[in-house]
Amino acid sequence: MKRPKLKKASKRVSCSKRYKIQKKVRDHNRKLKKEAKKNPASKRAKKDLGVPSCAPFKEEVLREAELRRLQIEADKEKKRLTKIEARAQKKKKETSSKDKEPKAKKARQVLEKLPEKPTGPDKNSQHHLCSELNKVIDASDVVLEVLDARDPLGCRCPQLEEAVLQRGGNKKLILVLSKIGEWTRGASPGLRNTASR
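What the sequence shown shows, in UniProt numbering, is residues 1 to 197, in sequence order.
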């Protein structure tokens, strides 16, 4: 029985049903064997012994059989040759179509089909990123620099700090320590002195 929401029905069968099927198969095979014993005539095709030598018109019958055999062989050969010719013509068409359009011409066509990309500034270039950073500094009043408490001096960027301080005005640079829970007093002595400057 097919279970709901499944594509295929289960192949499981109850034991009683399976045993019934096996029993019927055994009975059927037994019946076939019995009939074969009753009818001992073999089912093999009898071999053609040819034309008996005492038969009238023996030579004509043999000649006709030979002609028929030759005709069948000729037909087979014709079919084989037509297949070979068809294959050769197909190959010739493929190669001729390739020769008509040289590779350079094909490459040119492929390049023409590709849309041209606008040659604008590369958004990942260093110059572009610096200009964007300068725009952000100009637009902001407060600049936050986030430092890792485990290595605050390694996280500082003196160029950024200098750029903020050179702008003047009322711009403020605030240093923020992150991961302060992992900081120990002995890890970076003199941190207070550096931060207070």
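Glycine included, each C-beta is placed from N, C-alpha and C at the ideal position.
Query raised in the report: Do the segment 138-154 and the segment 105-112 make contact, defined as three or more Cβ pairs closer than 8 angstroms?
Result: No, because fewer than three Cβ pairs between the segment 138-154 and the segment 105-112 fall closer than 8 angstroms, the two stretches do not touch.
Requested in this report: Leaving out five residues on either side along the sequence, give the residues of the same chain with a beta carbon under 8 angstroms from the beta carbon of P52.
Outcome: Excluding residues within five positions, the ones whose Cβ falls inside 8 angstroms are K58.
Requested in this report: Would you kindly work out how many angstroms separate the C-alpha atoms of K90 and H128, rounded to a whole number?
Outcome: Here the alpha carbons of H128 and K90 stand approximately 57 angstroms from one another.
Query raised in the report: Which partner residues does S172 have in the DSSP bridge list?
Result: It is Lys, not Ser, that sits at residue 172 in the sequence shown. Bridge partners of K172 according to DSSP: V142.
Requested in this report: Compute the distance between the beta-carbons of I174 and E145, then report whether it is under 9 angstroms.
Outcome: Here I174 is near E145, since their CB atoms are less than 9 angstroms apart.
Requested in this report: Measure the alpha-carbon distance for D27 versus Y19 and round it to whole angstroms.
Outcome: Distance between the alpha carbons of D27 and Y19 is about 12 angstroms.
**Report entry** Bridge partners - L177, DSSP secondary structure assignment
**Finding:** Partner(s): L147.
Query - Sequence-distant residues of its chain with Cβ nearer than 7 angstroms to C155 (five each side left out) - result: Counting only Cβ-Cβ distances below 7 angstroms, and skipping sequence neighbours, we find L147, D148.
Requested in this report: Quick one: using the 10 Å Cβ neighbour count with 16 as the cut-off for buried, is P56 buried or exposed?
Outcome: It counts as exposed.
Report task. Taking only the alpha-carbon atoms, compute the straight-line gap between S16 and K38 and give it to the nearest angstrom. Result -> Whole-angstrom Cα-Cα distance: 33 angstroms.
Query raised in the report: Relative to the alpha-carbon of N134, which residue among L165, K105, L114, S97 has its alpha-carbon at the smallest distance?
Result: Closest option to N134, Cα to Cα, is L165.
Query - Pick from G181, I180, S178, E162 that is closest to K172, judged by C-alpha positions - result: Shortest Cα-Cα distance from K172 to any of G181, I180, S178, E162 involves E162.
Query raised in the report: When the Cα atoms are used, what is the spatial distance from I180 to P158?
Result: Each residue's CA atom was taken as its position, placing I180 and P158 some 22 angstroms apart.
Query - Assigned exposure category for P152 - 16 Cβ within 10 Å defines buried - result: P152 should be labelled buried.
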